[in-house]
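Q: Going by numbering that gives the first Met the number 0, the sequence shown opens with residue 0, and the numbers climb by one from there.
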Amino acid sequence: MGSGGLQTPSWKAIRDGLRGDGFAIVDNFLDGADLLALRQECEAVVEATLARLRCPYSNGDQVARVSGCIFQPVRPDCDGVHGLGGYLQARKAWPCSTRVAELLLGGKMRELVKHCLGTGGFVFNDQYIVKPPSSQLTAFKWHRDSDQLCASEVDYQPYISVWCALDNMTEGNGALTLLPGSAVSWQSDAASARPEMDARLCSNMPDSTALDRQVVANISAGSLVVLSDTVLHRSGPNLSSFSRRAWMPQFSSKPILCKATGCPIAHAVPLEALQEPGNVNHDS
Ligand SMILES: O=C(O)CCC(=O)C(=O)O
C-alpha cells in the first residue's frame, strides 16, 4: 500500500483494511505493460459489446442506458463457459487478450486473492466498468456488490472485487466512493455471514452522519481498491471529456452456485487448479 513505485504490497494492511473498513487501497499494483494490455482489451470488449447492442459509442447517454457501463470479456451465459476449459477457451478468443488472462489467472493476482480470502479462490466474474464522457447517467447509487445475490435461489459465498483503475480517478470523472465500516463483518464461511446478510437487505442508504466518513478513492491508473462484497459504495457521473475505465475481476472463496441447478451463476474458475503461477496454459 502507500506511496509510489511498484513494490510488494503490505498483505497485513490489506487484510486489516478488508476486515475493518471493508476495503483496502493498493497503490501501483499494475505495471505499464499490465495497463496497456487492459486498456487494449477494454477497448475491444466495449467495441464488441456495443456492436452486439447496435449502439454507437459517440452517444454517451445511450451507451450508459443500454450497457449500464458494464462490459464483460466473457459473458457468463455463453454455452460451455462454466467449466475451467470452457472459460479458458473463451478467454483466449477475440475480443479477449492472452496477456490479460495471464494477469487475471497468474501469480500476482493469485497472491493477492490468497492473502485476502485465505484460500486459492475462484474467478467469479470479470468485467470492465467504462463510463463514457459527459454523461449524467453514468453514476452508480449506493450498493453492495452482493445485493443481487441475496435472492434465496443463490448459494451465497463471500467474495472480493478487485477494482483496478485504468485511468486516474477524480470526483469529476466518477471515482469510486466507499463507506468505511459498512461491510458485514468479514466471514470466510457463508453460513455465519448469511443472517447478517439478510438483516442488511433494506439498509442500503447510509444515514447522513455516516456520510461524513465516506472516502473518495482518488487513485491513479494502475492502483486498485479491494472491496468486500458487502461494503457500501457508489460512484458519481463522469462529467469529464474522456472515458473513465476500470477493470473489476471478482474472486469468491467457493463457487457461487444456483441452488436449483448447481450451476455457477457467473463463473467458477478455480485458481489453484492452474499449475504455474503466472504461466497460464490456455490449452488445458
Ligand atoms: O466503477 C464504478 O464507478 C462503480 C462500479 C460498481 O460499483 C460496481 O460495479 O459494483
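Virtual Cβ for every residue (Gly too), placed ideally from N, Cα, C.
Does the beta-carbon of Gly180 have 16 or more other beta-carbons within 10 angstroms, so that it is buried, or is it exposed?
A: Exposed.
Q: Would the region 234-254 and the region 110-129 be scored as touching if the rule is three or more Cβ pairs under 8 Å?
A: Counting Cβ pairs under 8 Å, three or more are found: they touch.
Q: What beta strand (DSSP E) runs, 3 residues minimum, are completely inside the region 152-179?
A: The qualifying runs are 158-164, 175-177.
Q: Please list the terminal residues of the continuous beta strand (DSSP E) segment that includes Leu244.
A: First, the amino acid is wrong: residue 244 is Arg here, not Leu. Arg244 -> beta strand (DSSP E) spans 243-251.
Q: Can you tell me the Cα-Cα spacing of Ser294 and Cys68, whole angstroms?
A: Outside the displayed span of the chain (0 to 283) sits residue 294, for which this structure offers no information.
Q: Check Ile69 in the structure and name its three-state DSSP category.
A: Looking at Ile69 - three-state DSSP - the assignment turns out to be strand.
Q: Who are the Cβ neighbours of Arg293 in its own chain at under 6 Å, not counting the five residues just before and after it?
A: A question about residue 293 goes unanswered here, because the residues of the chain that appear run from 0 up to 283.
Q: Under 7 Å: does the beta carbon of Leu175 sit that close to some heavy atom of ligand 1?
A: Yes, the beta carbon of Leu175 sits closer than 7 Å to at least one heavy atom of ligand 1.
Q: Check whether the region 23-42 and the region 219-230 touch, using three or more Cβ-Cβ pairs below 8 Å as the test.
A: Output reads yes: the region 219-230 touches the region 23-42.
Q: What does the alpha-carbon distance come out to for the pair Ser96 and Gly85?
A: Whole-angstrom Cα-Cα distance: 16 Å.
Q: Would you decide whether Ala216 is buried or exposed? Buried here means 16 or more other CB atoms lie within 10 Å of its CB.
A: The residue is buried, with at least 16 neighbouring Cβ atoms inside 10 Å.
Q: Can you round the beta-carbon distance between His114 and Arg18 to whole angstroms, since I take them to be within the 8 Å contact cut?
A: At roughly 12 Å, the Cβ-Cβ gap does not stay under 8 Å, so His114 and Arg18 are not in contact.
Q: Is it right to say Ser160 is buried, meaning 16 or more other beta carbons lie within 10 angstroms of its own, or is it exposed?
A: The residue in question, Ser160, is buried, as its Cβ has 16 or more Cβ neighbours within 10 Å.
Q: Please tell me whether, using a cut-off of 7 Å, the distance from the CB of His232 to the nearest non-hydrogen atom of ligand 1 is below it.
A: At least one heavy atom of ligand 1 is nearer than 7 Å to the Cβ of His232, so yes.
Q: Taking Leu102 as the reference, which of Gly16, Ala32, Ala259 has the closest Cα?
A: Comparing Cα-Cα distances from Leu102 to each of Gly16, Ala32, Ala259, the minimum goes to Ala32.
Q: So who's on the other strand from Phe123, going by DSSP bridges?
A: Phe123 pairs with nothing; no bridge assigned.
Q: Give the straight-line distance between the Cα atoms of Ala12 and Gln156, rounded to the nearest whole angstrom.
A: Approximately 23 Å, taken between the alpha carbons.
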